[in-house]
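In terms of this note's numbering, the sequence shown opens at residue 19 and continues consecutively. Note that beta-carbon positions come from the ideal geometry of N, C-alpha and C, so glycine has one too. The model shown is predicted, which means the values in this text are computed figures rather than measured ones. Reading through the C-alpha cells given below for one structure.
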Amino acid sequence: MDPVVQMRNIHKQFPHVKAVDGGRIDIQAGEIHALIGENGAGKSTLMRLLYGMYPLDSGTISVGGNVFSAPGYSTKEAIRMGIGMVHQEFMLVNELTVLENVILGFEPTLRGGRLDFSRAEENIGRYIEDYGLDVPLGRTVKTISVGTAQRVEIIKTLYRGAELLILDEPTAVLTPQETEQLFSILRTMRDGGKTIVFISHKLGEIMEIGDRITVMRAGKYVTTLNKKDTNPAELASLMVGREVPGDKPRVRAASTETVFSVEHLYVASDRELSTLRDVSFSIRRGEVLGIAGVDGNGQSELIEALTGLRKIQGGTARLFGRNIVGEKPRAIRAAGLGHIPEDRNVRGLNKDFTAAENLFAARIDEPRFGGWGILRKGAILGYAKNLIETFDIRPAAPEVRVAALSGGNAQKIVVAREIDAEKGFLIACQPTRGVDVGAIQAIRDTLNQAKARGVSILLVSTDLDEILTMSDRIVTLYKGRITSELVNENVNIESLGLAMMGGAQS
C-alpha cells in the first residue's frame with residue numbers, strides 16, 4: 019500500500035540551527051505513526067513543514083500523490099489536502115466560547131451574513147458523537163480544563179476537514195486519566211479511517227499508542243520500526259545515540275530543619291475550583307515535597323502566591339523563618355527562593371533575547387557583569403558558555419535567540435539559570451514538561467544534585483512518574499484543598515490518582 023504522505027530529503031535551516039537535515043517519513047493511511055527524538059532532533063519542525071507553517075528550504079512533500087517542493091507549499095495548501103495540527107501550546111482565544119473557537123475563520127453564515135450557530139453546532143455534534151470528544155460548546159475557553167482544551171483543538175482540525183491529524187506532545191499537560199481518554203479517542207479515530215501522527219518523548223506512551231515509529235536524531239532520519247519489533251530501551255538508544263541510564267536511587271532527606279512552611283493559606287482565583295482554602299505544609303532542608311493534582315485544582319494559584327505574583331488573602335508563608343506574605347517577587351528571590359515556572363514562555367524566558375541574556379538574567383546586578391548601565395559582554399558570554407556546557411544546551415551558541423531553540427533546550431536554560439542562582443529553596447513547576455528522555459534524566463539529576471547540597475525543593479508536576487521518582491513526601495491538591503499527605507513508600511499511581519480526585523482526605 020502506498021503511503022498517504024511521503025517526505026523526502028527535507029532540509030530546514032534557521033539562524034545558528036540546522037533543524038532538519040535530510041529528513042524523511044512515510045505515513046500510511048489509517049495508522050497512528052509515532053515520531054520520536056530528542057529535543058532539537060527536528061521532529062516538530064518536520065511536521066510543521068508538513069503542515070506548511072514553515073517554507074521548505076529543499077526537499078519534496080507528497081500528499082495523496084500530489085507532489086510539492088520549495089516554495090510551493092503552505093498551511094492553506096496543507097488544510098486543503100486534509101492535514102490538521104494540534105500544537106503543544108494550544109492556539110485558542112481564551113475569551114471566546116468553545117463553539118466560537120472551533121468555527122473561527124470557517125464560520126457558516128445565513129443570508130445577510132449572520133452566523134449560523136445552529137448549523138455549526140450540528141456539524142460539531144457529529145465529531146463529538148463519533149469520537150467521544152465531549153466539550154461544553156457554550157463555555158469560554160478560559161474556564162475549561164487543559165484536557166478539554168485539547169479536545170477542542172482536535173475538533174477544530176476535524177471541522178476544517180482533516181483526515182490526517184498531527185499531535186505535538188499531546189500528553190505533556192495531561193493527567194493519566196486524561197491521557198487514557200485521549201488514547202481511546204485516537205484509537206476510535208484511527209479505526210474510523212483517520213490517520214494520526216503522534217509526536218512524543220514518552221516511550222511508554224509510544225509503545226502503548228503507536229503502530230509504527232520513526233526516530234530522528236540531530237535533524238536526521240534514523241529509522242522506522244514496527245512497534246512489535248522494538249522496545250523502550252532500543253528506542254531510547256536510537257534517539258540519543260547511546261545507552262540511556264535509568265533514574266538513580268532517591269536519596270532521603272536527613273535534616274529536620276524546616277526551610278519553608280505555609281499555614282492556613284487562603285488565595286483567591288478566577289475559578290472557584292482552584293481557590294486555595296486552608297492549605298498548610300512544610301519542607302525540610304534537602305527535602306523534595308511533591309504536589310500532585312489534576313491540572314486546574316489550585317497548583318498555579320499556589321505557585322503564584324508563593325512567588326509574590328498573586329495576593330495571599332490569609333495565612334502565612336515563611337521562608338527561612340521570614341514571613342514573605344505581601345513581599346514583592348524580587349524581595350522573595352533575594353530571601354532565597356528560585357523558581358522554575360510552569361510555563362517557560364510566559365514567565366521563564368524572553369524568547370527575543372539570546373541564550374546568554376536569559377542565562378545571566380538572575381545575576382544581572384552582580385558587578386562582574388557590568389555597572390553604571392554598561393554590561394560586560396565578554397563576562398556574560400563566558401558565564402553563559404560555562405552553563406551551556408554544564409547543562410548540555412544545544413546548540414552550544416550563547417548568542418542564538420531563544421526563539422530558535424527547541425522546547426527542551428529552552429527549558430534547560432530556565433533550569434540552568436535557577437539552579438546556578440544558588441537559592442536555598444527552589445520551586446520546580448513542571449520542570450520536564452515537553453522534554454525528551456535524555457533531557458528529562460539530565461534535569462532530574464540536576465535537581466537531585468541540588469537536593470544533595472541541601473536545597474529544598476517544592477516539585478509541582480502532572481507527571482506522576484516524576485512525582486514518585488523525585489519526592490520524599492507527596493501532598494495531593496483537589497479543589498484547592500490538600501486531600502492527603504503521603505510518605506513516598508509503597509505509593510503507587512493508582513492510590514495517588516484516587517487522592518488527586520478527592521478520594522482520600524487528610
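Residue i, DSSP secondary structure in three states
| i | result |
| --- | --- |
| SER474 | strand |
| ASP186 | strand |
| ILE217 | strand |
| VAL537 | Since the first residue shown for the chain is 19 and the last is 524, residue 537 is missing from the structure and cannot be characterised. |
| THR501 | strand |
| MET103 | strand |
| SER62 | helix |
| THR8 | Any property of residue 8 remains undetermined from this structure, which presents the chain solely from 19 to 524. |
| ILE93 | Here residue 93 turns out to be Thr, not Ile, going by the sequence shown. Helix, per DSSP. |
| THR175 | helix |
| GLY41 | strand |
| ALA180 | coil |
| ILE54 | strand |
| THR78 | strand |
| MET234 | strand |
| GLN467 | helix |
| SER273 | coil |
| ILE485 | helix |
| LEU253 | helix |
| VAL455 | helix |
| MET109 | coil |
| ARG260 | coil |
| ARG208 | helix |
| LEU122 | coil |
| VAL22 | coil |
| LEU192 | coil |
| THR127 | strand |
| ARG394 | coil |
Own chain, CB closer than 8 Å to residue i, minus 5 neighbours either side, in chain order
| i | result |
| --- | --- |
| THR115 | LEU155, GLY156, ARG157, THR158, VAL159 |
| SER318 | SER292, GLU360 |
| LEU221 | ILE54, PRO250, LEU253, ALA254, VAL455 |
| GLU171 | VAL104, HIS105, PHE108, MET109, LEU110 |
| PHE299 | SER279, VAL280, LEU307, VAL493, ILE500, GLU503 |
| ALA186 | For clarity, residue 186 is Asp in the given sequence; the question names Ala instead. Cβ within range, chain order: SER62, MET65, MET103, VAL104, HIS105, GLN106, ILE217. |
| ASP483 | ILE511 |
| GLN523 | Any reading at GLN523 must be qualified, since the residue scores a pLDDT of 43, below 50, and its modelled position is unreliable; the value itself is stated next. The residues are THR501, SER502. |
| LEU337 | VAL277, PHE278, ILE350, ALA353, GLY354, LEU355, PHE443 |
| GLU275 | ARG302, ARG303 |
| LEU367 | ASN376, VAL420, ALA428, ILE431, VAL432 |
Residues near residue i in its chain [Cβ-Cβ closer than 7 Å; skip 5 each side]
| i | result |
| --- | --- |
| LYS212 | GLU181, LEU183 |
| LEU405 | LEU377, ALA434, ASP438 |
| ARG137 | PRO126 |
| SER513 | none |
| ARG295 | TYR284, GLY498, ARG499 |
| THR206 | TYR149, GLY150 |
| GLU82 | Reading the sequence as shown, one finds Gly at residue 82 and not Glu. For GLY82, where only same-chain residues beyond five positions count, the Cβ hits under 7 Å are VAL22, MET99. |
| ASN57 | SER424, GLY425, GLY426, ASN427, VAL453, ASP454, ALA457 |
| ALA286 | THR293, GLN331 |
| LEU324 | ALA335, ILE445 |
Sequence-distant residues of its chain with Cβ nearer than 6 Å to residue i (five each side left out)
| i | result |
| --- | --- |
| GLU322 | ARG328 |
| ARG386 | ALA397 |
| MET488 | VAL306, LEU477 |
| LEU243 | ILE231 |
| ARG42 | MET25, ARG26, TYR239 |
| LEU256 | VAL233, VAL240 |
| GLU436 | GLY356, ILE358 |
| SER76 | HIS29, ALA88 |
| ARG169 | LEU151, VAL153 |
For residue i: DSSP bridge partner residues
| i | result |
| --- | --- |
| SER300 | SER279 |
| TYR496 | ARG499 |
| GLN31 | LYS36 |
| GLN448 | Paired residues: none, contrary to the question. |
| ILE86 | Looking at the sequence itself, residue 86 is Phe, so the reference to Ile does not match. Beta-bridge pairing links PHE86 to ILE79. |
| ARG169 | Paired residue(s): none; ARG169 is not in a bridge. |
Residue i CB to nearest heavy atom of the ligand GTP below 6 Å
| i | result |
| --- | --- |
| LEU117 | Looking for the ligand GTP in the displayed structure turns up nothing, as the structure carries no ligands at all. |
Residue-chain proximity (residue i, chain D), Cβ-Cβ < 7 Å
| i | result |
| --- | --- |
| ILE43 | The question asks about chain D, but that chain is absent: this structure has only one protein chain. |
Quiz prompt | Cβ pair count under 8 Å reaching 3, the region 347-364 against the region 386-394 | solution = Fewer than three Cβ pairs drawn from the region 347-364 and the region 386-394 lie within less than 8 Å of each other, which leaves the two stretches out of contact.
Quiz item: Below 8 Å, can you find three or more Cβ-Cβ pairs linking the region 103-118 to the region 168-177?
Solution: Between the region 103-118 and the region 168-177, the count of C-beta pairs closer than 8 Å reaches three or more; the two stretches touch.
Quiz item: Do three or more CB pairs link the region 190-206 to the region 332-350 at distances below 8 Å?
Solution: Contact fails between the region 190-206 and the region 332-350, because fewer than three Cβ pairs, one in each stretch, are under 8 Å apart.
Quiz prompt | Inside the region 284-341 only - beta strand (DSSP E) runs reaching at least 3 residues | solution = With a minimum length of 3 residues, the continuous beta strand (DSSP E) runs that stay inside the region 284-341 are 294-302, 306-310, 332-337.
Quiz prompt | contact_flag[the region 438-450, the region 244-255] where n(CB pairs < 8 Å) is 3 or more | solution = With contact defined as three or more Cβ pairs closer than 8 Å, the region 438-450 and the region 244-255 are not in contact.
Quiz item: Quick one: complete alpha helix (DSSP H) runs, 4+ long, within the region 396-442?
Solution: 425-438
Quiz item: At what residue ranges does the region 352-390 contain a whole run of the alpha helix (DSSP H), taking only runs of 4 or more?
Solution: 373-377
Quiz item: Where in the region 129-161 do unbroken runs of the beta strand (DSSP E), each at least 3 residues long, occur, reported from the N-terminal end onward?
Solution: none
Practice problem: Would you be able to state if there are at least three C-beta pairs under 8 Å between the region 31-46 and the region 422-430? | Solution: yes
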